[in-house]
Amino acid sequence: SKVENSHPGFLYDLVMGLVKQADLSVNMAESLLKLQGSVPDCEEYKSTRHEDAFQELNKKSSSLKRILSRIPDEINDRKTFLETIKEIASAIKKLLDAVNEVSGYIPSPSGKQALDQRKREFVKYSKRFSNTLKDFFREGQSQAVFLSAICLIHQTNLIMITVKHKCD
29 SKVENSHPGF
39 LYDLVMGLVK
49 QADLSVNMAE
59 SLLKLQGSVP
69 DCEEYKSTRH
79 EDAFQELNKK
89 SSSLKRILSR
99 IPDEINDRKT
109 FLETIKEIAS
119 AIKKLLDAVN
129 EVSGYIPSPS
139 GKQALDQRKR
149 EFVKYSKRFS
159 NTLKDFFREG
169 QSQAVFLSAI
179 CLIHQTNLIM
189 ITVKHKCD
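So the mapping is simple: my numbering equals the position in the sequence shown, first residue as 1, plus 28.
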């Protein structure tokens, strides 16, 4: 974790190097996305505050990541995938509502500004995810959807880290 924080992408590059060296055929984006659903959130991505707003944010963050992790298993079943997309849209809205609720607990203007910036970035990546889905239905490129979902998970984690640093 320390190395990854200092050099983002290091672990990915290491694993990809090992996969290549072993001459394995692994879709890392798909695997990473699937794993996200089976791994509980680490403490780094959870607020320790006991107020309802913070506990709700923890739940909404985990829920969105779990839903996104189902994409690889559901992307080839159009009807199921469309339902999943609706769930993702709802989960994004609920997460943003929870972030707005937590924002009121941040004492410093700079802390509020930092969270607001994270929120704007999250919205940007949400829109990018939406555009990627539109492209997927036109062109059928699932890899781009996997990568975009991973980016959205990362943005969710960044929100949680910001809340934790500014509020806990």
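Quick reminder that beta carbons are idealized off the backbone N, C-alpha and C, glycines included. As the structure is a computational prediction, the values presented were derived from the model and not from experiment.
Kindly list the residues whose CB is nearer than 8 Å to the CB of residue i, restricted to its own chain and excluding five residues on each side of it in sequence; keep chain order.
i, result
"Cys195", "Ser75, Arg77, Phe82, Val130, Tyr133, Ile134 and Gly139"
"Leu143", "Val127, Val130, Ser131, Ile134, Ile187, Thr190, Val191 and Lys194"
What residues in its chain sit with their C-beta under 6 Å from that of residue i, if we drop five residues either side in the sequence?
i, result
"Ile116", "Ile95"
"Lys147", "Val127"
"Val197", "Because residue 197 is not part of the residues shown, which for the chain are 29 to 196, the question remains open."
Using alpha carbons as the reference points, say which of the options lies closest to residue i.
i, options, result
"Ser170", "Leu186, Lys88 and Glu58", "Glu58"
"His193", "Glu111, Ile120, Gly168 and Glu72", "Glu72"
"Arg190", "Phe150, Phe109, Ser53 and Ser154", "Checking the sequence, you will find Thr at residue 190 rather than Arg. Nearest option by C-alpha distance: Phe150."
"Gly168", "Val43, Lys155, Leu143 and Asp105", "Asp105"
"Ser118", "Glu102, Leu92 and Lys107", "Leu92"
"Thr112", "Leu123, Lys122 and Ser97", "Ser97"
"Gln145", "Phe164, Asp41 and Leu124", "Leu124"
"Val43", "Val54, Ser34 and Asn33", "Val54"
"Lys121", "Glu79, Asp51 and Lys88", "Lys88"
"Glu102", "Lys62, Ala50 and Ser136", "Lys62"
In the DSSP assignment, find the unbroken alpha helix (DSSP H) run with residue i in it and report its ends.
i, result
"Ala81", "Asp80 to Ser97"
"Gly65", "Met56 to Ser66"
"Asp163", "Pro137 to Glu167"
"Asn128", "Arg106 to Ser131"
Where does residue i sit, in a helix, a strand or coil, going by DSSP?
i, result
"Ser36", "Checking the displayed sequence, the identity of residue 36 turns out to be Pro instead of Ser. The answer is coil: DSSP assigns Pro36 none of H, G, I, E or B."
"Arg77", "coil"
"Gln183", "helix"
"Cys70", "coil"
"Ser170", "helix"
Can you list, in chain order, the residues of its chain with a C-beta nearer than 7 Å to that of residue i? Leave out the 5 residues immediately preceding and following it.
i, result
"Gln183", "Glu149, Phe150 and Tyr153"
"Ile181", "Gln64, Lys93 and Leu96"
"Leu60", "Ile178"
Between the region 154-161 and the region 176-193, can you find at least three pairs of beta-carbon atoms closer than 8 Å? Enough Cβ pairs lie closer than 8 Å, so yes.
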